[in-house]
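Asks: Residue numbers (this note's numbering), protein chains in the order written: chain R, 1 to 277; chain Y, 278 to 570.
Cβ coordinates follow ideal geometry from the N, Cα and C atoms, glycine included.
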Amino acid sequence: MIRTMETRRAAPEPPTAAPPETAVRIEDLSAWYGSAQAVGEVSLELPRGAVTAIIGPSGCGKSTLLRCINRMHETTPGARVAGQVFLDALDIYWAGVDAVEVRSMVGMVFQKPNPFPMMSVYDNVAAGPRLRGWKMDRKTMDELVERNLRRAALWDEVKDRLHRSGSALSGGQQQRLCIARALATDPSVLLMDEPASALDPIATYKIEELVRELAVDVTIVIVTHNMQQASRVSQRTAFMLAAEDGVGRLVEFGRTDDIFTNPRDSRTEAYITGRFG
Amino acid sequence: MATAIVAMATVPERHRVTARRRLTERVVVSLLGLATVLGIVLLFLILAHVVINGLPALDLAFFTQRPKPFGEDGGGVEPAILGTLELAAASGLLAIPIGIAAAIFVVEYRSGRFAAPVRFAAELIAGLPSIVIGVFVWALLVRGWVGHYAGIAGAVALAVIMVPIVARTVEEVLKLVPHSLREAALALGAPKWKVILRVVVPTARAGIATAAILAIARSAGETAPLLLTALGNDFFSTDLLRPIDALPLRIYRYALSPYEDWHTKAWGASLVLVTVIGLLSLALRLAVRRGAR
Chain R
1 MIRTMETRRA APEPPTAAPP ETAVRIEDLS AWYGSAQAVG EVSLELPRGA VTAIIGPSGC
61 GKSTLLRCIN RMHETTPGAR VAGQVFLDAL DIYWAGVDAV EVRSMVGMVF QKPNPFPMMS
121 VYDNVAAGPR LRGWKMDRKT MDELVERNLR RAALWDEVKD RLHRSGSALS GGQQQRLCIA
181 RALATDPSVL LMDEPASALD PIATYKIEEL VRELAVDVTI VIVTHNMQQA SRVSQRTAFM
241 LAAEDGVGRL VEFGRTDDIF TNPRDSRTEA YITGRFG
Chain Y
278 MATAIVAMAT VPERHRVTAR RRLTERVVVS LLGLATVLGI VLLFLILAHV VINGLPALDL
338 AFFTQRPKPF GEDGGGVEPA ILGTLELAAA SGLLAIPIGI AAAIFVVEYR SGRFAAPVRF
398 AAELIAGLPS IVIGVFVWAL LVRGWVGHYA GIAGAVALAV IMVPIVARTV EEVLKLVPHS
458 LREAALALGA PKWKVILRVV VPTARAGIAT AAILAIARSA GETAPLLLTA LGNDFFSTDL
518 LRPIDALPLR IYRYALSPYE DWHTKAWGAS LVLVTVIGLL SLALRLAVRR GAR
């Protein structure tokens, strides 16, 4: 594992590029389910306004790492975290920080589309502000719903059925509705846990387009087991691998181009060329 | 499956085993069919008996008049019908919120220290004979706080019977709400209590309604606890602090009487009670079907 320690730092930026501002800094993060450690000593700096992909084979801890960024990990009974995660300057695991506050700063999209089935399309988008008790009049809420459905590239498809059930939409539309729902509270960071793995290729393509567009003003972290997807949508890639002890560790992190064309670790190379995983 | 049967058929020594299996299958299916037919016939006999004996009692007076004194023909069971509805409403108001709250506690806070004891307590109460619950409420309210037989004591006794039914049914319903919906709401920055009240409970509302109707239908036919609590009342009274009448009590009293007319009325009251419970069950079925859609 000494090798991991050497290679986990990002590749140095070329001198012409301005150093990217860091939106999320993960320091020495470890995560457990009960007594089983899933993530071991991961350190990462995720640049603002960029897409970072976390790739790796099943069980390498990539989803768990993602769930540590908005403190969703601890909602699993017996789950535990050590280390630090900074959103801007805020240490989200500091004792005085409320997990509910953290989650309201970070949006999350899950693997399977999960719109609230008893709510309409409109109410799904409005759910975040309402659950947080934001007071706003009807007109402001209408605007918020429309703006975020547009951001999720869904407005044109649903504008005539805003008040029908969200679960009547197709799988891809449902997932974009979930993205609109996550965006509606203006998070600075959006976490996506294999957002397209349950979708067909066309719906997947739309989601990828959307990820690229959204990255202009939102920092996106996307977990995927699809390497082509990672290379298509992300500027940074982190490759994780579970060691024989079952603990997922960071093998390599750097610019996506470098990871895919010139990996420095032989295990990264083996994975991206499809020799395992 | 099909290939397995073909494979077996081509192996001669296994042939006999297959034949025996088929025979066993046929015998078991016939026995099961017989049991089903017996059950349906029994149900049909009871219903037919109640309808044949009860229909002659049903006229306008039966639904709109009070019981007549001993020995006098005529009159009706209006107080019993109203009393049963009133008891159902009062016991429902007491039991349904408590049952739902207990179920939420058990499901949503299952990692907590009290979830298992709460579920165990609900199972214990569900297993108590209803007469024991009646005696308990009699000692607590009739002999204690209220001081005399009263409708409210009957409502409390019925509520004690209903709470575990509501709690256990709602528990199953809440468990059916996908975990992904709770996660979605939590990830939106909602505190847990809001996740439960605004997402989990609304998603399960059809099932929760089913649980409420099921509990009311179950308790509407209870007699023993009412004998010790609501007592019954020949006069029209909707005051829950005084004894009130209920259909099961009226059936019990009339069935034990020596008068032909009262026997007919007992059958009539039985028919009304069975119909009310049947309608509730039907509403329940429809609610479940709509919820499943």
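(1) Per DSSP, what kind of secondary structure is Arg232(R) in: helix, strand or coil?
(2) What does a CB cutoff of less than 7 Å around Ala392(Y) pick up in its chain, not counting 5 residues either side in sequence?
(3) Sorted by chain position, which residues of the same chain lie with C-beta nearer than 8 Å to Leu518(Y)'s C-beta, five sequence neighbours on each side aside?
(4) Would you say the segment 87-100 of chain R touches the segment 144-153 of chain R, given that touching needs at least three Cβ pairs under 8 Å?
(5) In the DSSP assignment, what residue or residues form a beta bridge with Val106(R)?
(6) With 7 Å as the limit, tell me which residues of the segment 456-468 of chain Y have their beta carbon closer than that to any beta carbon of chain R; keep them in chain order.
(7) In this structure, does DSSP put Val447(Y) in helix, strand or coil?
(8) Along chain Y, which residues have their Cβ under 7 Å away from the Cβ of Asn148(R)?
(9) Using a Cβ-Cβ cut-off of 8 Å, state whether Pro479(Y) counts as contacting chain C.
(10) Between the segment 98-117 of chain R and chain Y, which residues of the former have CB atoms less than 7 Å from a CB of the latter, in chain order?
(11) Would Pro201(R) be called buried (16 or more neighbouring beta carbons within 10 Å of its own) or exposed?
(12) With a threshold of 8 Å between beta carbons, is Met278(Y) in contact with chain R?
(13) With three or more C-beta pairs closer than 8 Å as the rule, is the segment 227-236 of chain R touching the segment 255-266 of chain R?
(14) Within 8 Å of any Cβ in chain Y, is that where the Cβ of Ala168(R) sits?
(15) Ile323(Y) to Asp538(Y), Cα distance in whole Å?
(16) If you drop the 5 nearest sequence neighbours on each side, which residues of the same chain put their C-beta closer than 7 Å to that of Asp522(Y)?
(17) Compute the beta-carbon to beta-carbon distance between Thr64(R) and Val39(R), rounded to the nearest angstrom, for a pair I have assumed lies under 8 Å.
(18) Run through the segment 158-221 of chain R for me and flag every whole beta strand (DSSP E) of 3 or more residues, listed as ranges in chain order.
(19) For the alpha helix (DSSP H) containing Glu268(R), list its first residue and its last residue.
(20) Within 10 angstroms of the Cβ of Glu101(R), are there 16 or more other Cβ atoms? Answer buried if so, exposed if not.
(21) Name the two residues that bound the continuous alpha helix (DSSP H) containing Phe347(Y).
(22) Since Ser407(Y) is in the alpha helix (DSSP H), which residue starts that stretch and which ends it?
(23) Under 8 Å, do Leu131(R) and Ala481(Y) count as touching if we go by C-beta distance?
(24) Leaving out five residues before and five after Ser266(R) in sequence, what residues of the same chain have Cβ atoms less than 7 Å from its Cβ?
(25) Counting only beta-carbon atoms, is Arg164(R) nearer than 8 Å to chain Y?
(26) Per DSSP, Ser58(R) is paired with what?
(27) In the DSSP assignment, what are the bridge partners of Thr237(R)?
(28) Reducing DSSP to helix, strand and coil, say where Leu44(R) ends up.
Replies: Working from what's here:
(1) helix
(2) Phe382, Val383 and Tyr386
(3) Val423, Ala427, Gly428 and Ile429.
(4) Contact fails: fewer than three Cβ-Cβ distances are below 8 Å.
(5) Val189(R)
(6) Ser457, Leu458, Glu460, Ala461, Ala462, Leu463, Ala464, Leu465, Gly466, Ala467 and Pro468
(7) helix
(8) The contacting residues do not exist; Asn148(R) stays about 13 Å from chain Y at best.
(9) You won't find chain C in this structure, because its protein chains are R and Y.
(10) Val100, Arg103, Ser104, Met108, Phe110, Lys112, Asn114, Phe116 and Pro117
(11) exposed
(12) With a pLDDT of 48 at Met278(Y), under the threshold of 50, the modelled position of that residue is not reliable, and the figure given next carries that caveat. Answer no: the Cβ-Cβ gap between Met278(Y) and chain R never drops below 8 Å.
(13) yes
(14) Cβ-Cβ to chain Y under 8 Å: no for Ala168(R).
(15) 21 Å
(16) The residues are Pro356, Ala357, Gly360, Gly509 and Asn510.
(17) The beta-carbon distance between Thr64(R) and Val39(R), rounded to whole angstroms, is 5 Å. This is short enough to meet the 8 Å contact definition.
(18) Counting only runs of 3 or more, we get 189-193.
(19) In the sequence as displayed, the identity of residue 268(R) is Thr instead of Glu. Ser266 to Ile272 is the span of the alpha helix (DSSP H), which, as asked, contains Thr268(R).
(20) exposed
(21) No alpha helix (DSSP H) contains Phe347(Y), which DSSP labels as neither H nor E.
(22) Ser407 to Val414
(23) no
(24) none
(25) no
(26) Partner(s): none; Ser58(R) has no beta bridge.
(27) Ala53(R) and Gly254(R)
(28) strand
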